[in-house]
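Residue numbers (the working numbering): 1353 to 1936.
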């Protein structure tokens, strides 16, 4: 057989193998023997090289044929090495990318990962590289004394061997890319699938094949929805047709999916068309998430919301009824409170009236006595004149008596008149509390005067101090009520067993505020009770008061006059009320 015939036979035999990864050896072994004969080499290695860039490794899949011994031997060896640990021969090839001369031992170490000690270390081998874009993709190593030019001089033979290496390299690259993509898809919890124009499945990830109850994603190829999800097949294929026809993306469509075991889950599906470089729709890719748990939660939430709405409605009805009852009770309480407040005001006014009446009775009684004396003196003068026996001295004495009685009557009537005017002014202020400017010191003094009878009964002294010329624009009636309540409160509660009681009323202007202080030297208030003195109906002596006095005081100060009131007290020493009122 000629050299050309052997080359053709080699090409024919190698072409019969459908794979180049040395898994099919039926024709590959014969082809390698033909190549060994063409090279006239007793020792021959055919190596496929693949560089794994992602993992920084190089793979050398070698076929070795040795015919030096009586029994020829074949050997297949796969060597995987890190990029940083490449053997010397391979490093040299990567740098030069041309045929180099190496010892047989070096070649054996580089491609078979072992040293052949049976041969001389001086046996020569030639290493012929095959490359694509300066990347090593295959190597033929053969033992010879001089380089063999058969492969180099025969362009078809060289081109065919280069094609074998290149095809294997391309297939490995694509396989790696496909495997990497499939691995990434399989790691995704989201289901991924793709179909052709007829809605036939072309691939999926592991999560989707699990839902379809298939062993692996590769089993999905050629399957339709009628095969794996027959109950929803029409729905799915309708979505497919609309997506591919309209070229619009289907986003987050909620759909059921019934599995082979009868279990139905809920999906949130998205689909989009696959368009090729010719602007043709050739299929679609879809993804979905299992939202069954979310659906169940929505159902439970809807049920809970309905139950909650019923409970809220029932509770609202109950609260509405309770509110109506409370409103009625509140109105009744407010009416009662208003009545008590009015009663308290009338009681304060009654005390004022009683004091004024007592004060007026004294000067009126003196005036009556004076008038009686005046009448008696006038009668004596009349009789003396009628008898003609009046003497000058007696006449003068009677006239002096008349003058004295008239003076007594006049002074006491003026006192009574002044008391009536003061009472009238304060009473009018309390009933018609319009703002006006008053002399604050004089107004307080008038209030104290109207209460002097009650104060005198208990032997209590009231002292007033402050600027006697201070004009104040305020509500006089409110001021009168406040001072009356504080004095009345002290008279009722402070001086139980105290003989010489004192009430000191003082005022001053400080930081644009009028500071009014009312202090007594009475029994004081216990610490735990000071905070309650302004509460409605709170009193320490229920038999003597309604408990509204200081509550009314608080409302008058804070609401009517926009001020503040504070109580300070020490048991068995004193109680002090400090009222701060704005001047404007």
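No residue lacks a Cβ here, since even glycine has one placed at the ideal position from N, Cα and C.
Computed from a predicted model, the values in this text were never measured in an experiment.
When the beta-carbon positions are compared, residue 1445 and residue 1400 stay at least 8 angstroms from each other. Residue pairing by DSSP places residue 1411 opposite 1402 and 1432 in a beta bridge. The alpha helix (DSSP H) runs of length 4 or more contained entirely in the segment 1815-1869 are, from start to end of the chain, 1828-1841. When C-alpha distances from residue 1388 are compared across 1685, 1418, 1661 and 1742, the shortest belongs to 1418. Inside the segment 1444-1503, DSSP marks whole beta strand (DSSP E) runs of 3 or more residues at positions 1452-1455, 1476-1484 and 1487-1495, from first to last along the chain. Per the Cβ contact rule, the segment 1420-1434 is not in contact with the segment 1522-1529 (fewer than 3 Cβ pairs under 8 angstroms). Contact between the segment 1649-1660 and the segment 1677-1691 is absent, with fewer than three C-beta pairs closer than 8 angstroms. Residue environment analysis places residue 1625 among the buried positions, since at least 16 neighbouring C-beta atoms fall within 10 angstroms of its C-beta.
Residue environment analysis places residue 1879 among the exposed positions, since fewer than 16 neighbouring C-beta atoms fall within 10 angstroms of its C-beta.
Bridge pairing for residue 1541: absent [DSSP]. Going by C-alpha positions, residue 1416 is about 34 angstroms away from residue 1533. Counting only unbroken stretches of 4 or more residues, no alpha helix (DSSP H) element lies wholly within the segment 1615-1699. The residue among 1906, 1926, 1924 and 1923 with its C-alpha nearest the C-alpha of residue 1917 is 1906. When only Cα atoms are considered, residue 1447 and residue 1497 end up about 24 angstroms apart.
Residue 1794 and residue 1769 have their C-alpha atoms roughly 17 angstroms apart.
Boundaries cannot be given for residue 1811, as no alpha helix (DSSP H) includes it and DSSP labels it neither H nor E. One thing to note: residue 1926 has its Cβ within 8 angstroms of the Cβ of residue 1874. In this structure, the straight-line span from the alpha carbon of residue 1462 to that of residue 1634 is close to 48 angstroms.
Under the 10 Å beta carbon count, residue 1443 is surrounded by fewer than 16 other beta carbons and is classified as exposed. A check of alpha carbon separations from residue 1481 across 1621, 1561, 1713 and 1412 identifies 1412 as the nearest. Straight across, the Cα-Cα distance linking residue 1566 with residue 1557 is about 11 angstroms.
Contact check for residue 1886 and residue 1902: beta-carbon distance about 5 angstroms, within the 8 angstroms limit, so the pair qualifies. Annotation for residue 1555: the continuous beta strand (DSSP E) segment containing it runs 1553-1556.
When DSSP states are grouped into helix, strand and coil, residue 1716 belongs to the helix group. Residue 1916: member of the beta strand (DSSP E) spanning 1916-1922, first to last residue.
Take the alpha-carbon of residue 1813 and the one of residue 1715: they are about 21 angstroms apart.
Under the three-state reduction of DSSP, residue 1741 is assigned to coil, being neither helix nor strand.
When DSSP states are grouped into helix, strand and coil, residue 1934 belongs to the strand group. No Cβ-Cβ contact shorter than 8 angstroms links residue 1761 with residue 1717. Bridge pairing for residue 1396: 1417 and 1494 [DSSP]. The C-alpha of residue 1653 lies about 26 angstroms from the C-alpha of residue 1611. The criterion of a C-beta distance shorter than 8 angstroms is satisfied by residue 1929 and residue 1838.
Going by C-alpha positions, residue 1627 is about 35 angstroms away from residue 1615.
Residue pairing by DSSP puts residue 1872 in a beta bridge opposite 1855 and 1927. Per DSSP, residue 1355 has no beta bridge partner at all. Nearest to residue 1414 by C-alpha distance, out of 1489, 1913 and 1609, is 1489.
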